[in-house]
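Chains as they are written, first to last, in our numbering: chain A, 1 to 82; chain B, 83 to 164.
Just so it is clear, CB atoms sit at the ideal spot from N, CA and C, and this is done for glycine as well.
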């Protein structure tokens, strides 16, 4: 499992769309707070692998592209802990 | 916007994976309760349009395939209201 504390340190860039506390202010952007960690990991990996296209995927894919598996696990642990 | 009451009537099939109250019991399946309605609509439309592949998309695509835009709006309204 990921390290939520490490994830918090990596989550600053996410806050712009998903909200500082993981609850987004924009209807198109999903809330992440309290979401299942494994689902968050799978979603980030899907964006990274190009398995999600259309809509906001065009914004998420570049964000995910730069993340390592550890980054992904840590971010997922962090947001699911909110 | 969708009709949450109508959405509740259409949500029975979703409960198996996403939980009767929109909080799933399975780590791979996302919680839907309180999620942004527009995001839920966009996600369902992406599954329906084949814009999401890999992982559990293979399970969601057939579920979404049979939904009309109204069904999607109603389901999104319902789950976001939980």
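Any C-beta of chain B within less than 7 Å: which residues of the stretch 18-31 of chain A qualify?
24, 27, 28, 29, 30, 31
Less than 8 Å between the CB atoms is what I'm expecting for residue 164 of chain A and residue 34 of chain A, so what's the real figure, rounded?
Residue coverage of chain A in this structure runs from 1 to 82, which leaves residue 164 of chain A outside it and unanswerable.
With three or more C-beta pairs closer than 8 Å as the rule, is the stretch 35-53 of chain A touching the stretch 127-140 of chain B?
Here the stretch 127-140 of chain B makes contact with the stretch 35-53 of chain A; the two share three or more CB pairs at distances below 8 Å.
Output yes if chain B places a C-beta closer than 9 Å to the C-beta of residue 35 of chain A; else output no.
By 1-based counting over the first chain, the position of residue 35 of chain A is 35. At least one chain B Cβ lies under 9 Å of residue 35 of chain A.
Work out the CA separation of residue 113 of chain B and residue 148 of chain B for me, nearest whole Å.
Taking the second chain and counting its residues from 1, the one referred to as residue 148 of chain B is at position 66. Taking the second chain and counting its residues from 1, the one referred to as residue 113 of chain B is at position 31. About 21 Å.
Please report the residue range of the alpha helix (DSSP H) in which residue 129 of chain B lies.
The residue given as residue 129 of chain B occupies position 47 in the second chain. Where residue 129 of chain B is concerned, the enclosing alpha helix (DSSP H) stretches over 119-130.
Only counting the same chain, and skipping five residues up and downstream in sequence, which positions put a Cβ closer than 6 Å to that of residue 88 of chain B?
Taking the first residue of the second chain as position 1, residue 88 of chain B is located at position 6. Cβ neighbours of residue 88 of chain B beyond the five flanking positions: 156.
Out of B:96, B:83, B:90, B:84, which one is the CA nearest neighbour of residue 52 of chain B?
Summary: the structure shown does not reach residue 52 of chain B, with chain B confined to residues 83 through 164, and so no result is reported for it.
Strictly below 7 Å CB to CB, what residues from chain A border residue 145 of chain B?
On the second chain, residue 145 of chain B is found 63 positions in, with the first residue counted as 1. Those within 7 Å of residue 145 of chain B in chain A number zero; the least Cβ separation is about 16 Å.
Using the beta-carbon count (16 or more within 10 Å), is residue 176 of chain B buried or exposed?
Nothing in the structure corresponds to residue 176 of chain B, since chain B is present only between 83 and 164.
Taking the alpha helix (DSSP H) that residue 107 of chain B belongs to, which residues open and close that run?
Taking the second chain and counting its residues from 1, one reaches residue 107 of chain B at position 25. Residue 107 of chain B -> no alpha helix (DSSP H), and no H or E assigned at all.
Residue 75 of chain A lies in the alpha helix (DSSP H); which residues open and close that run?
By one-based count along the first chain, residue 75 of chain A stands at place 75. First-last of the alpha helix (DSSP H) with residue 75 of chain A: 69-80.
Since residue 72 of chain A and residue 45 of chain A should fall inside the 8 Å C-beta cutoff, what is the C-beta to C-beta distance between them, to a whole number of angstroms?
In the first chain, counting from the first residue as 1, residue 72 of chain A sits at position 72. In the first chain, counting from the first residue as 1, residue 45 of chain A sits at position 45. That belief holds up - the Cβ atoms of residue 72 of chain A and residue 45 of chain A are roughly 6 Å apart, short of 8 Å.
Around the Cβ of residue 104 of chain B, are there at least 16 other Cβ atoms within 10 angstroms (buried) or fewer (exposed)?
If you number the second chain from 1, residue 104 of chain B lands on position 22. Around the beta carbon of residue 104 of chain B, 16 or more other beta carbons sit within 10 angstroms, so the residue counts as buried.
Using the Cβ count rule (16 or more neighbours within 10 Å means buried), how would you classify residue 76 of chain A?
Numbered from its first residue, the first chain carries residue 76 of chain A at position 76. By the neighbour-count rule (16 or more Cβ atoms within 10 Å), residue 76 of chain A is buried.
Give the interface partners of residue 46 of chain A over in chain B, defined as CB-CB distance under 9 Å, in chain order.
Here residue 46 of chain A refers to the residue found at position 46 when the first chain is read from its first residue. Result: 134, 135, 136, 137, 139.
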